Amino acid sequence: MARKIESNCDVLIIGAGPAGLMAARTLAEFVGQDPNLKVRIIDKRSTKVFTGQADGLQPRTLECLKNLGMGQIYEAANDMTTINLYNPDENGMIHRTDRFPDTIPGVSRYNQCVLHQGMIERHFLDSIHEVSNGRINVERPILPESIEVDESKADDPDAYPVTVKLRYLAEDEAEPLQFGHKVSNGLFRTTLTTAEDDDAEYRLPEGTEAGLLETVHAKYVIGCDGGRSWVRRNLGLNMVGEQTDYIWGVVDIVPETDFPDVRARCAIHSAESGSVMIIPREDKLVRFYIQMQERADQGGRVDRSQFTPEKIVDSARKIMAPYYLNYSRMDWFTAYHIGQRVADKYSVAERAFIAGDACHTHSPKAGQGMNASMMDTWNLGWKLGMVLTKRAKRSLLKTYESERQPFAQALIDFDHKFSRLFSGKPAKDVLDGSCVSMDEFKEAFIRNGLFTSGTAVDYDESIIVAKTGKNGNKVASHSDLAKNIAVGCRFKSEQVCRHSEGLAMQLGDLLYMNGSFRVLLFAGNAANPAQMDRIERFAAYLDSSESFVSRLTPSDCKRDGLFEVITIHSNTREEIDMQDFPAPALYPPFDYDKIYADCETYHRGHGHAYDKYGIDPKHGAIVVVRPDGYVGMVCDLEDTAELETYFSEFMAVPAKPLGAQAEKDWTFTAKAKAERRKRVLSSSPAQPRASNKASFVHVETVPVGQTV
1 MARKIESNCD VLIIGAGPAG LMAARTLAEF VGQDPNLKVR IIDKRSTKVF
51 TGQADGLQPR TLECLKNLGM GQIYEAANDM TTINLYNPDE NGMIHRTDRF
101 PDTIPGVSRY NQCVLHQGMI ERHFLDSIHE VSNGRINVER PILPESIEVD
151 ESKADDPDAY PVTVKLRYLA EDEAEPLQFG HKVSNGLFRT TLTTAEDDDA
201 EYRLPEGTEA GLLETVHAKY VIGCDGGRSW VRRNLGLNMV GEQTDYIWGV
251 VDIVPETDFP DVRARCAIHS AESGSVMIIP REDKLVRFYI QMQERADQGG
301 RVDRSQFTPE KIVDSARKIM APYYLNYSRM DWFTAYHIGQ RVADKYSVAE
351 RAFIAGDACH THSPKAGQGM NASMMDTWNL GWKLGMVLTK RAKRSLLKTY
401 ESERQPFAQA LIDFDHKFSR LFSGKPAKDV LDGSCVSMDE FKEAFIRNGL
451 FTSGTAVDYD ESIIVAKTGK NGNKVASHSD LAKNIAVGCR FKSEQVCRHS
501 EGLAMQLGDL LYMNGSFRVL LFAGNAANPA QMDRIERFAA YLDSSESFVS
551 RLTPSDCKRD GLFEVITIHS NTREEIDMQD FPAPALYPPF DYDKIYADCE
601 TYHRGHGHAY DKYGIDPKHG AIVVVRPDGY VGMVCDLEDT AELETYFSEF
651 MAVPAKPLGA QAEKDWTFTA KAKAERRKRV LSSSPAQPRA SNKASFVHVE
701 TVPVGQTV
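Those letters in the sequence shown? Residues 1 to 708, per the UniProt record's numbering, in order.
See the structure below:
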């Protein structure tokens, strides 16, 4: 008889693909901060993916990976710069008709790139282990057998309302079936199966007994187990949408060909034989997405065994004729059935969630699968971490579905049209209305460049997105203060200059994902006494007992651990010293990472951040950026009441708040500041500025808002 055990955990993640690993990585930040937080991630596979699967990384995903300390992924990947369109001429022969940038220039500091999923997973696994101090590791091979949610306990913060029963597999049970092919393939994870086939795969053979059985009582569960999600089905969540009858094969090969653009992204439409998408990869590999002539029957059933590597490559040869195509090495192949579906709900009682392919499926040719999946759990992970550490109210979790489901629906709508444009037969002329216009196909590629880059996601108004103050929201942003910053969208990085040593930096690189909100104080012309007076009043508010920093930060947390204030002024480094900014609110003693200038740098020129953000360089503004890098609100330096209202809507009041800025802090005296300003104003280019030594005075007690 199998041994049985029981356990508790805060979060159980089911599935260690990209969505599951991103969930584990974001939660690792909170595990590293809280020794009592327990997060587990399980997978039925016996090992990580070494070849194949998803490979495209979009600019927004790369920005997020950079903010997780995994920027080395971009360095290891194959950068894609160009896309070529090949279409048939009047004689039916394919030829290049267009060439344009693969990523819209200027949309991000990253281009779309490709790197196979196994290497991406390796970076995630290493980072998760390091950040969680070894407390989170993928446990495999383990299979879930049942899941139940006690919704009556959903609002009890100390309850474990989700019960999951697990079975530990023998090694041979966890090995994916290869269907007799010698080449590694993805057919065991294909979508060419029915729900009945899926259920049969998860059911234990009658009369057999496997290894250890474990009952896990969890506060939260995240189902990241793919398009055929066991979690989704067993939670009773439904996929809405449709399947096409198109079938595509995929191969990763080192090609031998005279095709001129094999090392660039290409979309090829043949006259009669279908279409091919070419994606250049690392290590001389090239991925070919190849339209097959076979179609699924009305029941959606397909004989998977008929899709051999040889058959898939032979289809590519017909499409790419008259060009020669062979290969010296094949690493992986698969076949898939195009469908566009999205889940009707993303959770049960905000206790058991689904993410990634478990809640949206679509074709892979727009490079959205892995990216959209990771962005789901990038969105969910910080919210769960904030709730579990009792920094935020549980109502915050409702915004996961309200933000990600509309995006998924937009993705499905896009893919529905795009995949048909890709799979359809090219029109011979403008009068051929039954086939696909190649001009329309090109326009779709270009027009949707922002969407496919991941940078155009625009979250609707909610308790964490203060746009117009409508829909029950109590706060409206003053968007006119930052005309080029869209509330609800990702905060775009621009170059600034770190004041302390004049180093040119990307502002986006300061937004490391550690669970903290960033309050970006665009201080304007701080050398102007009237503007500095506004800055000092805002700093005095931050230090006061009434500020959101003092009220909502737990006493056992650093003062900038939940709300980090970063100042960007519009002066040169000669016009003002960083020590002239109010301490300790804006310039904590000996912390040189809080004050930045929008000015000329020696080696990288001027970033012109104020101009690019649409902020008045004299007046300034405040921009609140969420832990996931999306803009929460925009306001003025005097709008402290609106800041209070914004954060009070979803942040929890700790049992023991941090309170006003502690006594015995290093603080500028009025005399020291006046003397410094006098020296600055009297200095000239020919006369070096006087030393700034002894600028700090150690004050035993300084009442808030009062100078000494």
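Glycine residues also receive a C-beta, built at the ideal position from the N, C-alpha and C atoms.
For clarity, every value in this text was computed on a predicted model and none was experimentally measured.
When you compare the CB positions of residue 353 and residue 380, do they come within less than 8 angstroms of one another, or not? yes
Using C-beta distances below 6 angstroms, list every residue in its chain close to residue 264, excluding the 5 sequence neighbours before and after it, in chain order. The residues are 82, 84.
Could you compute how far the alpha carbon of residue 355 sits from the alpha carbon of residue 577? Cα atoms of residue 355 and residue 577: separation of roughly 48 angstroms, rounded to the nearest angstrom.
Give me the Cβ distance between residue 286 and residue 250, rounded to the nearest whole Å; I'm assuming they're in contact under 8 angstroms. Going by Cβ atoms, the distance from residue 286 to residue 250 rounds to 11 angstroms, so no, they are not a contact pair.
Pair every Cβ in the segment 642-655 with every Cβ in the segment 456-469, then say whether three or more of these pairs are closer than 8 angstroms. yes
What are the partner residues of residue 339, as DSSP defines its beta bridges? 243
Can you list, in chain order, the residues of its chain whose CB lies under 7 angstroms from that of residue 77, leaving out five sequence neighbours each side? So the qualifying residues of the chain are 57, 113, 114, 115, 282.
Within 10 angstroms of its Cβ, does residue 2 collect 16 or more other Cβ (buried), or is it exposed? exposed
Among 453, 563, 271, 327, which residue has its Cα nearest to the Cα of residue 105? Between residue 105 and the set 453, 563, 271, 327, the nearest pair of CA atoms involves 453.
Where do the ends of the beta strand (DSSP E) carrying residue 110 lie? Taken as a continuous stretch (DSSP letters only), residue 110 belongs to no beta strand (DSSP E), as it is neither H nor E.
Per the DSSP calculation, residue 630 is bridged to which residue(s)? As DSSP reads the structure, residue 630 sits in a beta bridge with 490.
Segment contact, 8 angstroms Cβ cut-off, at least three pairs: the segment 62-77 with the segment 113-132: yes
For residue 483, which three-state DSSP category applies? coil
Taking the alpha-carbon of residue 328 as reference, which of 164, 256, 607 has the nearest alpha-carbon? 256
If you count every other CB in all the chains shown that lies within 10 Å of the CB of residue 610, and 16 or more means buried, which is it? By the beta-carbon neighbour count (other beta carbons within 10 angstroms, threshold 16), residue 610 is buried.
Considering only the beta carbon of each residue, do residue 140 and residue 45 sit closer than 8 angstroms? Cβ atoms of residue 140 and residue 45: closer than 8 angstroms.
Nearest to residue 62 (by Cα), restricted to the options 374, 345, 524: The option with the nearest alpha carbon to residue 62 is 374.
Three Cβ pairs or more, each shorter than 8 angstroms: is that satisfied between the segment 609-624 and the segment 511-530? With a cut-off of 8 angstroms, the segment 511-530 and the segment 609-624 count as touching, because enough Cβ pairs lie within range.
Residues of its chain near residue 235, where Cβ-Cβ distance is below 8 angstroms and the 5 sequence neighbours each way are ignored: 147, 149, 223, 348, 352, 354
Out of curiosity, what's the CA-to-CA distance linking residue 17 and residue 215? 23 angstroms
Using only CA atoms, which one of 103, 653, 270 lies nearest to residue 93? 270
Return helix, strand or coil for residue 33, following the three-state DSSP convention. helix
Where does the unbroken beta strand (DSSP E) through residue 539 begin, and where does it stop? Premise fails: residue 539 lies in the alpha helix (DSSP H), 529-543, not in any beta strand (DSSP E).
Check this for me: beta carbons of residue 729 and residue 102, under 8 angstroms apart or not? Because the chain spans 1 through 708 in this model, residue 729 falls outside it and cannot be assessed.
Beta-bridge partners of residue 596, as assigned by DSSP: 498, 568
Inter-residue spacing [alpha-carbon to alpha-carbon] between residue 157 and residue 604: Inter-residue distance for residue 157 and residue 604 is about 50 angstroms (C-alpha atoms, whole angstroms).
Between which two residues does the alpha helix (DSSP H) harbouring residue 437 extend? Neither: residue 437 is in no alpha helix (DSSP H) and is coded neither H nor E.
Assuming residue 712 contacts residue 563 (C-beta within less than 8 angstroms), just tell me the rounded distance between them. What is shown of the chain runs 1 to 708, which leaves residue 712 out entirely.
Go through its chain and collect everything with a Cβ distance to residue 378's Cβ below 7 angstroms, but skip five positions before and after it. 22, 26, 64, 628
Have a look at residue 566 and residue 68 and give me their C-alpha separation to the nearest angstrom. 19 angstroms
Spatial neighbours of residue 491 within its chain, please: C-beta separation below 6 angstroms, excluding the five flanking residues on both sides. 625, 629, 631
Whole angstroms are fine: how far does the CA of residue 411 sit from the CA of residue 14? 24 angstroms
Could you have a look at residue 620 and say whether DSSP puts it in helix, strand or coil? Assigned with DSSP and collapsed to three states, residue 620 falls in coil, not helix or strand.
Reference residue 20, options 40, 573, 295, 397, closest by Cα: 40
Run of the alpha helix (DSSP H) containing residue 9, from where it starts to where it stops: From DSSP, residue 9 is part of no alpha helix (DSSP H) but of the beta strand (DSSP E) over 4-14.
Beta-carbon within less than 8 angstroms of residue 7's beta-carbon, same chain only, minus the 5 sequence neighbours each way: which residues are those? 214, 215, 216, 217
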